[in-house]
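According to UniProt numbering, the sequence shown is numbered sequentially starting from 1.
Ideal placement from N, C-alpha and C gives every residue a C-beta, glycine not left out.
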Amino acid sequence: MTGTTPAHNPAADTAGTARPAPAPAFTPEETEALRGYYRQMALIRSFELRAAEMYTRAKIGGYCHLNLGEEATAVGLMAALRPTDYLFTTYREHGYALARGADPGRVMAELFGRATGLSGGRGGSMHLFDTQLRLLGGYGIVGGQLPPATGAALAISYRGEPGPDSEAVMCLLGDGTTNIGAFHESLNLAAVWHLPILYVIVNNQLGMGTPVAAAAGEPELYRRGSAYRIPGSRVDGSDVLAVRDAARTALTQARTEHRPRLLEAVSYRLRGHSVVDPARYRTTEETEQLREKDPLPAFRLRLIEEGHLTPEEAARIDEEVDERVNAAVDFADASPPPDVDTLFDHQYATAVANTFRGLPGDPLPCGPDDAHGRGKG
């Protein structure tokens, strides 16, 4: 018997998932952690809304991709990481940097292209970087983060044996990245070399404007590691606690076994692919459905119902994060741009002889270099 196979809808796999029953009692530490998750989600929401505003005011240039609607995924994943773990992200990384502990002022300054930014104003929205947080990018090329993340996991395997105290790598990627060569090459090497890495597919169900089912022969993306015998699992990306617990479990397995894992977080972005994308590929009905699934008010209501927050406390948190984001905008706006004399800094990790550091139109050096390497004589 033949028939038409219905289009796969990953949202249906998680929409009916029952929330875990709350514990009969919570310790003060547990309640404080839940409040902290809400505060982080609210901070990301406020930050991203202001970033969109600053982009329309031409304070931010280049590309700008927001985490609006994906706050639960970002906070849950970062809650699972240890300070000693390494993080590689996509170009949609503002929220991950904030949840990892980056200062909002420095993140906003980077978006503004200012010298006080995380990357000294050189990277902008898509290239946030902080070695102290072990946040190693921010990659503007789709899938560009996969090979270096796999290499970092290889370095960890060289430095020590697997165990509960081992470092690990988390590598974020979008649903569209699962179709490129670097995805399969990296997963294959991670499996062959037994590397402590967790690849997380943040499946917001659209590769720019293309639905996953229209671009993937296996739209259940967590299964795509099976060709390399990499265990995979799927989690509801709108549930911050479910994301945290799933990521913790996968990271524990990666640490103790030095074996890769694959996690798919089914999420939703409330806006277009980037700030300039009007998302006309969505119907009005779909847009309304996404707003109803907004994870931020859902988590606020959950905390209030379970007694972790009062409405007044939630409102106070919202006000505090708004003030913090306003201060971040002021800090970025008052910060200077990078000095032109530093234009060629950081080209190489170590000095390279005879490197020309001139500007377009400058003569080639024909004598001893001056302070800027432009040459004299």
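Per-residue DSSP class, three states only, for residue i
i      : result
Glu264 : strand
Ala21  : Note that Ala21 scores 48 on pLDDT, short of 50, meaning its location in the model is unreliable and no value can be drawn from it.
Gly124 : helix
Thr233 : Checking the displayed sequence, the identity of residue 233 turns out to be Ser instead of Thr. Here Ser233 sits in strand by DSSP.
Tyr199 : strand
Tyr222 : helix
Ala11  : Caution is warranted here: a pLDDT of 46 is assigned to Ala11, below 50, making its placement in the model unreliable, and no coordinate value can be reported.
Pro211 : strand
Leu98  : helix
Leu301 : helix
Leu81  : coil
Leu270 : coil
Leu187 : helix
Leu364 : coil
Leu206 : strand
Asp245 : helix
Asn179 : helix
Thr256 : helix
Pro295 : helix
Leu359 : coil
Arg106 : helix
Tyr228 : helix
Ala349 : coil
Ala250 : helix
Residue closest to residue i, alpha-carbon to alpha-carbon, out of the options
i      : options                           : result
Thr84  : Arg45, Thr131 and Leu118          : Thr131
Gly95  : Glu185, Val340 and Ile44          : Ile44
Ser125 : Leu68, Cys171 and Gly61           : Gly61
Glu32  : Gln347, Glu313, Thr177 and Arg229 : Glu313
Glu161 : Arg229, Gly113, Arg234 and Thr256 : Thr256
Ala110 : Tyr63, Leu146 and Ile156          : This sequence places Glu at residue 110; Ala is not what is there. Measuring from the Cα of Glu110, the nearest candidate turns out to be Tyr63.
Asp322 : Cys171, Ala51 and Val202          : Ala51
Glu286 : Met170, Leu133 and Leu206         : Leu206
Ser233 : Leu66, Ala247, Val240 and Asp294  : Ala247
Leu135 : Leu251, Ser238 and Glu93          : Glu93
Tyr222 : Leu68, Glu292 and Glu264          : Glu264
Phe112 : Leu173, Thr89, Leu251 and Pro338  : Pro338
His127 : Pro147, Tyr91, Arg82 and Tyr281   : Tyr91
Met54  : Asp341, Asn326, Asp318 and Glu306 : Asn326
Tyr199 : Pro148, Glu288 and Pro219         : Pro148
Arg122 : Thr350, His194 and Val340         : Val340
Ile114 : Leu343, Arg291 and Pro231         : The residue asked about is misnamed: residue 114 is Arg in this sequence, not Ile. Comparing Cα-Cα distances from Arg114 to each of Leu343, Arg291 and Pro231, the minimum goes to Leu343.
Pro219 : Asn67, Val266 and Tyr158          : Val266
Within-9 Å CB hit, residue i to chain C
i     : result
Met78 : No chain C appears in this structure, which consists of one protein chain only.
Span of the beta strand (DSSP E) around residue i
i      : result
Gly174 : Val169 to Gly174
Tyr86  : Tyr86 to Phe88
Residue i - containing alpha helix (DSSP H), residue span
i      : result
Val340 : Val340 -> no alpha helix (DSSP H), and no H or E assigned at all.
Asn326 : Pro311 to Ala334
Gln40  : Pro28 to Thr56
Glu70  : Segment: none, Glu70 is in no alpha helix (DSSP H) and carries neither H nor E.
Leu290 : Thr284 to Glu292
key: Meets three-Cβ-pair contact criterion under 8 Å: the segment 257 to 266 and the segment 186 to 195   = yes
key: Whole alpha helix (DSSP H) elements within the segment 112 to 162, 4-residue minimum   = 146 to 159
ask   = Can at least three beta-carbon pairs, one atom from the segment 154 to 173 and one from the segment 101 to 119, be found at a separation below 8 Å?
value = no
ask   = Would the segment 96 to 112 and the segment 329 to 345 be scored as touching if the rule is three or more Cβ pairs under 8 Å?
value = yes
task = Decide yes or no for the touch test of the segment 167 to 182 against the segment 142 to 159: beta carbon pairs closer than 8 Å, at least 3 of them.
result = yes
ask   = Can you find at least 3 beta carbon pairs, one from the segment 295 to 302 and one from the segment 35 to 44, that sit closer than 8 Å?
value = yes
query = Is the segment 213 to 229 touching the segment 267 to 278, taking contact as three or more C-beta pairs under 8 Å?
reply = no
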